[in-house]
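To start, the structure itself, in structure tokens.
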């Protein structure tokens, strides 16, 4: 919840925050970027506040950079969370003192906050998370092994995952999550991981190739003993086109 | 932007509002519920503020009821709008005086507001909009003939319509928009109106019946000279089931 080097609450929109759900894919696992505070080892989504002179979309990007070191990430807003008691009694006076919040700012932190949720898919290998908040740790956590999160962050994460699942039916997914060259089984595993269920190999192959976003490379996966599978890459132009126009032929 | 009988800004979340896009369908036209203020005849979406002791979803329902007389409407949150200058210079001191805002509240109204967008599909015949704000008018306007709206309300309306179009590919639509008994051409017209383009009659019939949400009635449309078309109704249980599980078989 705390923005790095937050100085004066007057510089921020009152009662409004942003929380980010950052997904990465590695070793056939869907990972989520989480923050562990040094104060009480509690886990949370990376988040922060909105400067009064910043659009909310811009604020989301700068919050993420300040909290995790991730730059230039495309974030998508997915939902706003505004139950009355979502942050009631969250910050104790002790914790605010630990975070260096001066006494005159305590009221601001303890007021009711509505939070805007953003999510992103990032290349796990290119993302090197870091923080300059002392005592804080930024970590990739398997989405099946997420610890208890503060506030309603668990609900926000669930909603982001649900949104991602829906979007699998609306647009191609994978460009930012897979390495440049990948096999069809690797792509299928990504889809299975997001959906949380296994898919029929033939059906998947038929559907994914019918979209026309894959380029079959004249290369095989190395380090595989028998029947090395073919490598593919995304046809970026076609991928962008389908991303723009939507996946389903629809009505 | 003004909530009926707003008395004290301290009762509301600062810098945060809600705007509602209410769609209805009548005479083969998609309509939107708009408000015309008595102050300067400007048009806006029905909207208002969030009580500090109200969840945002609850606030959306009560705002809509207060501003339009529509009760028990299911609203869906679709996006939050937060450009820095979206409400800059919107309220003149004259307009705030007209709305009965006391001088000590002026600063609150002139501060930066982020707004949460909600949309709903309502039965045009059952919805009897009204307002007890003097000088204010609530009107259904054809979505192709929407006048210039205040602030970024035009952008909010466009985004709601875009969301509705996407949702046509994810879930059945029509239950709240059509009368209880309807013909396939009427249902097709609804889809065409939302999508903004014509659809092939045979393809539509095949796709819509394959979903399994329609019950063919033993009744024909009256008042039609030749070849009276069959009437249908929605199978409510099946409709709810598809609404819950999603339309596309997907992956």
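Protein chains in written order, with the working numbering: chain A, 13 to 263; chain B, 13 to 263. Glycine included, every Cβ here is placed at the ideal spot set by N, Cα and C. Given the structure is predicted, the values throughout are model-derived calculations rather than measurements.
When 8 Å is used as the limit between beta carbons, residue 67 of chain B is near these residues of chain A: 94, 95 and 96, in chain order. By the Cβ rule, the region 168-181 of chain B does not count as touching the region 105-118 of chain B, because fewer than three pairs are nearer than 8 Å. Within the region 167-184 of chain B, those residues whose Cβ lies closer than 9 Å to any Cβ of chain A are, in chain order, 177, 178, 180, 181 and 182.
For the region 70-95 of chain B, the set of positions with a beta-carbon nearer than 7 Å to some beta-carbon of chain A reads 89, 91, 92, 94 and 95 in chain order.
Sequence-distant Cβ neighbours of residue 155 of chain B in its own chain, meaning closer than 6 Å and more than five residues away, are 42 and 44.
Within the same chain, Cβ atoms closer than 7 Å to the Cβ of residue 113 of chain A are found at 121, the five residues on either side in sequence being excluded. Assigned with DSSP and collapsed to three states, residue 178 of chain A falls in helix.
Counting the other Cβ atoms within 10 Å of the Cβ of residue 229 of chain B gives fewer than 16, which makes it exposed.
At a cut-off of 9 Å between beta-carbon atoms, residue 214 of chain A makes no contact with chain B. Not one beta carbon of chain B lies nearer than 9 Å to the beta carbon of residue 254 of chain A. Within the region 117-131 of chain B, 124, 126 and 128 place their CB atoms closer than 8 Å to a CB of chain A, listed in sequence order. Counting of Cβ neighbours within 10 angstroms places residue 66 of chain A among the buried residues, the total reaching 16 or more.
By the Cβ rule, the region 87-103 of chain B does not count as touching the region 244-255 of chain A, because fewer than three pairs are nearer than 8 Å. Secondary structure of residue 232 of chain B (DSSP, three-state): strand. Of all alpha-carbon atoms in B:167, B:195, B:258 and B:223, the one lying nearest the alpha-carbon of residue 240 of chain B is that of B:195. Per DSSP, residue 242 of chain A is one residue of the beta strand (DSSP E) stretching across 242-246.
When secondary structure is reduced to three states using DSSP, residue 220 of chain B falls in the helix class.
With respect to the 9 Å criterion, residue 75 of chain B and residue 59 of chain B are classified as neighbours on the basis of their beta carbons. Excluding five sequence positions before and after residue 255 of chain A, the CB atoms of its chain that fall closer than 7 Å to its own CB belong to 183 and 184, given in chain order. Put simply, the backbone Cα of residue 52 of chain A is about 14 Å away from that of residue 159 of chain A.
Shown here for residue 108 of chain B: same chain residues with a beta carbon closer than 7 Å to its own, the five before and five after excluded, namely 118 and 121 in chain order. Looking at the DSSP output, residue 129 of chain A sits in a beta bridge with A:31 and A:91. Taken through DSSP and simplified to helix, strand or coil, residue 55 of chain B comes out as strand. Distance from the CA atom of residue 80 of chain A to the CA atom of residue 50 of chain A, rounded to whole angstroms, is 15 Å. Collapsing the DSSP output to three states places residue 141 of chain A in coil.
Neighbourhood of residue 211 of chain B in chain A, by CB distance below 7 Å: 263, in chain order. Against chain A, the CB of residue 189 of chain B has no partner CB under 9 Å away; the residue lies outside that interface.
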